[in-house]
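Engineer:
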Amino acid sequence: MPNLWANGLEIGYDVEGSGPPLVLLHGATSLAREDFAAQLPSLGRSFLVHMPDARGHGRTRWDAAQGFRYDWLVDDLAAFVDTLGLDSFHVLGFSMGAMTALQFGARSPERVRTLVVVGITTLREPRASVGRRLMDPEWIVAHEPDFAATLARRHDAGQGIGAWQRLLPAIAADIAAQPLLTPAELHRIECPAMVVCGDRDPFVPPEHAAGLARQLPGGRLFVVPDCGHEVMARRPGLFNEAIAGFYRSTGGSA
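Those letters in the sequence shown? Residues 1 to 254, by my numbering.
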């Protein structure tokens, strides 16, 4: 579990597998190794998989009391891949990580070989309102004690005890305030791209995901039936088959 210094942060990350580089970007409050646990065995056979912890998560220390902004995550990603010497790479992002991937792709399209984004839309609602409700630390402690314990396990060692309780509202506030990607910015992402969502995702209605896919020049859509937000964990067989087919059809790998 190495660390590297980039963009003024000591970024914790994991790496495994062999092949062309693939960067996995996790969702808010999670870690890539956990979000993509059901995908890592197959991805590692086809790619050299890099899994950085976002600031404020895991081993990448950041006090959310100092603020939290998605564009900082894009800066962090750029510095991370620069430090590793990755000129171009594949990107697979979930939720918060998917937004980071989209914003990076719009900023540096020449560096992204393929793009898979899961559980994201460029529209503010319902992401912002659902995020405010589900990212309330007091509610989680009172009603989801097992999830609270999971958050403590993931983040207390690297961030300090209780740091996740500051992180969640900071992320929710940024979702509500972040500038939205414009159609012109999305149109800059010319690499092969796949937009994935569950048909019951409370954050991303399928019609919103379809709208995003249409705005990406190389975009395609995959809606996972009978599934909510975490499609990689809830329907791993379908998801793994879909991304394997995507990578084969685009000459990526798998």
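Ideal Cβ placement from N, Cα and C applies to all residues, glycine included.
The structure displayed is predicted, hence computed values, not measured ones.
Can you check whether the CB of G17 is closer than 8 Å to the CB of L48?
Structural biologist: Taking the sequence shown and counting its residues from 1, one reaches residue 48 at position 48. Taking the sequence shown and counting its residues from 1, one reaches residue 17 at position 17. A contact, by the Cβ cut-off of 8 Å.
Engineer: When the Cα atoms are used, what is the spatial distance from R55 to H26?
Structural biologist: Against the sequence shown, residue 55 aligns to sequence position 55. Against the sequence shown, residue 26 aligns to sequence position 26. If you take the alpha carbons of R55 and H26, they lie about 11 Å apart.
Engineer: Skipping 5 residues on each side, what residues in its chain have a beta carbon closer than 7 Å to that of G44?
Structural biologist: Position 44 of the sequence shown, counting from 1, holds the residue named residue 44. Excluding positions up to five away in sequence, the list reads E16 and G17.
Engineer: For F89, list the residues DSSP reports as bridge partners.
Structural biologist: Working through the sequence shown from its first residue, we reach residue 89 at position 89. Answer is V112.
Engineer: Where do the N-terminal and C-terminal ends of the beta strand (DSSP E) with N3 fall, by residue?
Structural biologist: The sequence position of residue 3 within the sequence shown is 3, counting from 1. From DSSP, the beta strand (DSSP E) with N3 extends over N3 to A6.
Engineer: Would you call the CB atoms of L24 and M51 closer than 8 Å?
Structural biologist: Counting from one through the sequence shown, the residue named residue 24 turns up at place 24. Counting from one through the sequence shown, the residue named residue 51 turns up at place 51. Taking 8 Å as the Cβ cut-off, L24 and M51 qualify as a contacting pair.
Engineer: Taking the alpha-carbon positions, what's the D226 to L181 distance?
Structural biologist: Taking the first residue of the sequence shown as position 1, residue 226 is located at position 226. Taking the first residue of the sequence shown as position 1, residue 181 is located at position 181. Approximately 29 Å, taken between the alpha carbons.
Engineer: Go ahead and pull the three-state DSSP assignment for D14.
Structural biologist: For the purposes of this step, residue 14 is taken as the residue at position 14 of the sequence shown. The answer is strand: DSSP assigns D14 an E or B state.
Engineer: To the nearest angstrom, report how far apart P3 and W62 are at their CA atoms.
Structural biologist: Reading the sequence shown from its first residue, position 3 is the one you call residue 3. Reading the sequence shown from its first residue, position 62 is the one you call residue 62. The amino acid occupying residue 3 in the given sequence is Asn; Pro does not appear at that position. Roughly 14 Å between the two C-alpha positions.
Engineer: Considering only the alpha carbon of each residue, which of V118, A78 and M1 lies closest to E110?
Structural biologist: The count along the sequence shown starts at 1 and reaches residue 110 at position 110. Nearest of V118, A78 and M1 to E110, Cα basis: A78.
Engineer: Based on the DSSP secondary-structure assignment, which residues constitute the bridge partners of T60?
Structural biologist: Reading the sequence shown from its first residue, position 60 is the one you call residue 60. Looking at the DSSP assignment, T60 forms a beta bridge with H57.
Engineer: List the whole-angstrom C-beta distance separating S95 from G119, where the pair is believed to meet the contact cut-off of C-beta under 8 Å.
Structural biologist: In the sequence shown, the residue the question calls residue 95 occupies position 95. In the sequence shown, the residue the question calls residue 119 occupies position 119. The Cβ separation is near 5 Å, so the contact holds.
Engineer: Buried or exposed, going by whether 16 or more other CB atoms sit within 10 Å of the CB of F147?
Structural biologist: Working through the sequence shown from its first residue, we reach residue 147 at position 147. Counting Cβ neighbours within 10 Å, F147 comes out exposed, since fewer than 16 surround it.
Engineer: Whose C-beta lies closer than 7 Å to the C-beta of Q215 among residues of the same chain, with five residues either side of it excluded?
Structural biologist: In the sequence shown, the residue the question calls residue 215 occupies position 215. Closer than 7 Å at the Cβ level, and outside the excluded window around Q215, lie P183, L186 and H187.
Engineer: With a threshold of 6 Å on Cβ separation, who are the neighbours of R234 within its own chain once the five nearest residues in sequence on each side are excluded?
Structural biologist: For this step, residue 234 is matched to residue 234 along the sequence shown. Within the same chain, R234 has close Cβ partners C227.
Engineer: Within the segment 129-181, note down every full alpha helix (DSSP H) run reaching 4 residues or more, in order along the chain.
Structural biologist: Runs found: 137-143, 145-159 and 164-177.
Engineer: Name, in chain order, the residues that DSSP records as bridge partners for D219.
Structural biologist: Stepping through the sequence shown from its first residue, residue 219 is reached at position 219. Note that residue 219 is Gly in the sequence shown here, rather than Asp. DSSP output for G219 lists A193 as bridge partner(s).
Engineer: I need the DSSP call for P202, collapsed to helix, strand or coil.
Structural biologist: Reading the sequence shown from its first residue, position 202 is the one you call residue 202. Coil, per DSSP.
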